[in-house]
Structure formats: structure tokens, C-alpha cells
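A.B. asks:
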Amino acid sequence: MTQLVSQAAVEVSGVVLRRTLPENGAVEGRIDFWRERWMLCGRCDHRWHVDLDWIDRWDQAKEICPGCGMTCEHEDSPRVTVDSDDPALEDDRVSQFFWYHTTMQPDWPTRHFDPAAVLTPETRRRMGGEQRVSAWAAGQRAKALHVGTYEAAVHNMLRRIRDQAAERGQFYLYRVRLKPSVVVREELLVDPGNFVGDVALDEVCPPGVDVAPYLNYHEDPGGLSLALGRDAIASVQRIAVPLPDTWDERWVRDSVEALEGMSGTVVPATGKPGRFTRSSSPRADLGRALGASLAGRLPVNLQSQFASAAAFAEGEDPEQWARRTSSLFALIDNPPRALAALDGQDLREI
Ligand SMILES: [Zn+2]
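My numbering numbers the first residue of the sequence shown as 22 and each following residue consecutively.
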């Protein structure tokens, strides 16, 4: 019998180094929201690494390719690419890593997923009747599932909280183990635009292939994600996020004190005519400023999404808001807390 090693997470300034868990020897990749990324120029083939601030300036056309001087505005301009030393790039190692997914589904990956269950009779009528609804539901069920790095899963959740105004809904972070026998597609796919959540499984995984790795541009840029079917998953563990009891007590106490000292009365907008100014209360303004100051401590590619996800709603309870916001921050600032919580969860076989 193989001797499996159990190591505690090793944390070096917010970076989790590789750790191996006893259950099936699955390995945690290196979790580091701040790590440098690789760029590859489509015109001159120059390859170099940069930090996230560089990418942020690049996106604003304030940087050039060091090889050929091209800016981001050209079609074949440099793009972020994979780290060729990423061990998850090796086909036979894909199933040895933990993968992550965030969703509001409490039983993901749902066995008998019925996407039409939430449609109202009115929506069904507008969609053209039951036959159309069935066809639509079949199309939804045929879509690939997506898993990725811990960083990508957290990034995805922040984006969804912002985009769907679902910040008060319950999100879950899943840690996924793949079946050791999965067949991995050989060529690496490139995430074309809005790839996530919108690709049919059989388009990316032809017969005989279980898992299609792709380069993620949008979430954890340069990281690997996988498109796969439910059958490729061996088991999952789940925690609710933000995780209770992971907030910073002092930050919460100070924030609540400051918020409670401010008026919650909404002051009507007094902007110049023709200029949109949102009505707001001094308390909500302060809440937004507190969220923005936490966001400022995060990597640049997460800041605006975190600030939006942490926005203080008018009338919200300051204590609940501060705990939720601080716990959301801890998911990024202190991943070992979430990993330790996952370690304590039962495995659900799929
Ligand atoms: Zn170039």
C-alpha cells in the first residue's frame, strides 16, 4: 500500500505551498493571487513574465511588448499565457490536483439538473411553449461543467456577486477530486471570450475524452481551468462562503463603531442638473469607502470586483455587512483558512 504523506499547509506571506492530503493523495497547487504571469507576443513570439500591475497598465495601452514595441490594441498583440512549468499542464497529472468551483447550487454537480424548474408559466409561454422549453433545457444540460484554480473560483464568485446583484444569496466553494482514470484532451484550448458556462460538453470533449484543459484569460489569468462532464468527478467537498468565523474581529469592531456613528438617513442627490448623482446616506457612503479600502489591499485585477461585491446596501445591518465583507476578504488574503475548513468536510462521492 502506498504510504501517503499528510502535511500541514505551509503559508509564506499569503502563499500556500504544495500540500498533500491523505485521502487520495490529491495535491494542492500553489495558491497565490499575487503571482507573476507569463505574456506571449503573437507577432514576435517574445515571452516574458510580468506582475498584475503591469497587465493592468497594459490593458490601458500604457505598456508595450519588449520584443517588438506593439501595444494591446493590435489583433496579434501579446496575451497572457500559461506558465510552462505549471505541473497541471502534464496530462497524467491533471487528475492528481484539487480543482475548485463556486456556485449558488447547494448540491453541485446536480445529478438530475432541471434548468427549467425555475421558469414561471409566463416565461414558458414567452419561450414558445413546452417543446421549446424542453429543447432549451436539454441544451443547458449538455453544457460542460467548469472547474479551475482556487484563485479562479474566488474570482468567478466576486464577478457573479457583482453582475447578478446576488450578494445576499448563499455561495458555496467546492473542492473537486477527479477520477484517476480520466482521459485528458491533449491540446490546450484557449478561452475564447465568454467561454465559461457557455460551451457544449461534446464540442470540447469528443468521444473518449473526459476533460478539456483551457487557458483562462478572465479569472486567474494565465491559470488552467477544465471543461468536463459530471462523470469525470470522483468526489467533492463543500463549504459555504463567505465562511463564518473567518472575519477579522478588530476590523469588524472598528467598522461597526464607525458605521453606527453615522446617520443612515438617505440624503437626496444634489448634483448639478443633468448630472446623475445617486441618493445615499452618510452611513452607506462610509460602508462603501471601508469596502474600497479593503479592496485596495488586494491584487489590482480583483479590486473593482471586490469593492462592488462588498458594497454596503442602504439599510443593511452594519455588523452583518462588516462580518461578510471581512470574511470575503479572508478568502483571498488567507486561503489556508478556507482550505482547513474544506479539510474538515465530508467527501461526497459523485
Ligand atoms: Zn512582440
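The beta carbon of each residue, even a glycine, is placed where N, CA and C say it ideally should be. In this text, all values refer to a predicted model and were calculated from it rather than measured experimentally.
Closest to R51 by C-alpha separation, out of S98, M91, C62, D104, would be which residue?
C.D. replies: Here the closest residue by C-alpha is D104.
A.B. asks: If you draw a straight line from the alpha carbon of R153 to that of G169, how long is it in whole angstroms?
C.D. replies: R153 and G169: Cα-Cα distance of roughly 32 Å.
A.B. asks: Determine the burial state of T144: buried for a count of at least 16 other Cβ atoms within 10 Å of its Cβ, exposed for fewer.
C.D. replies: T144 should be labelled exposed.
A.B. asks: Less than 8 Å separating the Cβ of H70 from some heavy atom of ligand 1?
C.D. replies: No.
A.B. asks: Need the endpoints of the beta strand (DSSP E) that Y195 sits in, please.
C.D. replies: It spans 192 to 199 - the beta strand (DSSP E) in which Y195 sits, taken as one unbroken run.
A.B. asks: Quick one: is the Cβ of R153 within less than 8 Å of any heavy atom of ligand 1?
C.D. replies: Every heavy atom of ligand 1 is 8 Å or more from the Cβ of R153, so no.
A.B. asks: Taking the straight line between their C-alpha atoms, what separation do you get for V277 and V262?
C.D. replies: Rounded to whole angstroms, V277 to V262 spans 21 Å at the Cα level.
A.B. asks: Per DSSP, what kind of secondary structure is E49 in: helix, strand or coil?
C.D. replies: In this structure, E49 counts as strand in the three-state DSSP scheme.
A.B. asks: For A331, which three-state DSSP category applies?
C.D. replies: In the structure shown, A331 sits in coil (DSSP, three-state: anything other than H, G, I, E or B).
A.B. asks: Does the region 232 to 239 come close enough to the region 265 to 274 to have 3 or more Cβ pairs within less than 8 Å?
C.D. replies: No: fewer than three Cβ pairs fall under 8 Å.
A.B. asks: Near L140, what residues of its chain come up, given a Cβ to Cβ distance below 8 Å and the 5 sequence neighbours on each side ignored?
C.D. replies: Excluding residues within five positions, the ones whose Cβ falls inside 8 Å are M148, V154.
A.B. asks: Who are the Cβ neighbours of I260 in its own chain at under 8 Å, not counting the five residues just before and after it?
C.D. replies: The answer, listed in chain order, is Y193, L194, A359, A362, L363, Q366.
A.B. asks: Kindly indicate which residue of G317, I182, V321 has the alpha-carbon position closest to the one of S329.
C.D. replies: When each option's Cα is compared against that of S329, the closest is I182.
A.B. asks: Tell me the rounded alpha-carbon separation between P339 and L280.
C.D. replies: Going by the C-alpha atoms only, they are around 6 Å apart.
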